[in-house]
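Numbering (my numbering), first residue to last: 1 to 89. These notes concern the structure reproduced below.
Structure (structure tokens):
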């Protein structure tokens, strides 16, 4: 199937118009840890599971707590550390 020059030109002219609504999703990357952490919180609120083992995350105010019992995980060493989200990792 061959397109005429006019059709191809029209497609190339309309393409930016069709893609423009997607531009807000291509926002600039975070510039520091605080911005990255804020962006991550938004992502986690949309999909509240941990990255490593897909354990559900419970929200307690600003604190995010992984529900380790839901996946059968048994803490081996430090229970306090296991029951919190460490954003640095």
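No residue lacks a Cβ here, since even glycine has one placed at the ideal position from N, Cα and C.
Sort out for me which residues DSSP pairs residue i with in a bridge.
| i | result |
| --- | --- |
| residue 76 | The partner list for residue 76 (beta bridge, DSSP) is empty, contrary to what the question assumes. |
| residue 62 | Answer is none; residue 62 lacks a bridge partner. |
| residue 44 | Partner(s): none; residue 44 has no beta bridge. |
| residue 57 | 66 |
Of the residues the options, which one's Cα is nearest the Cα of residue i?
| i | options | result |
| --- | --- | --- |
| residue 38 | 53, 54, 17 and 63 | 63 |
| residue 87 | 10, 28 and 32 | 32 |
| residue 52 | 68, 30, 79 and 29 | 68 |
| residue 84 | 46, 34, 10 and 59 | 59 |
Suppose the cutoff is 7 Å on Cβ atoms and the five residues either side in sequence are ignored; what does the same chain contact list for residue i look like?
| i | result |
| --- | --- |
| residue 50 | 57 and 66 |
| residue 44 | 57 and 64 |
| residue 48 | 56 and 57 |
Can you say whether residue i is buried or exposed, counting buried as having 16 or more other CB atoms within 10 angstroms of its CB?
| i | result |
| --- | --- |
| residue 36 | exposed |
| residue 54 | exposed |
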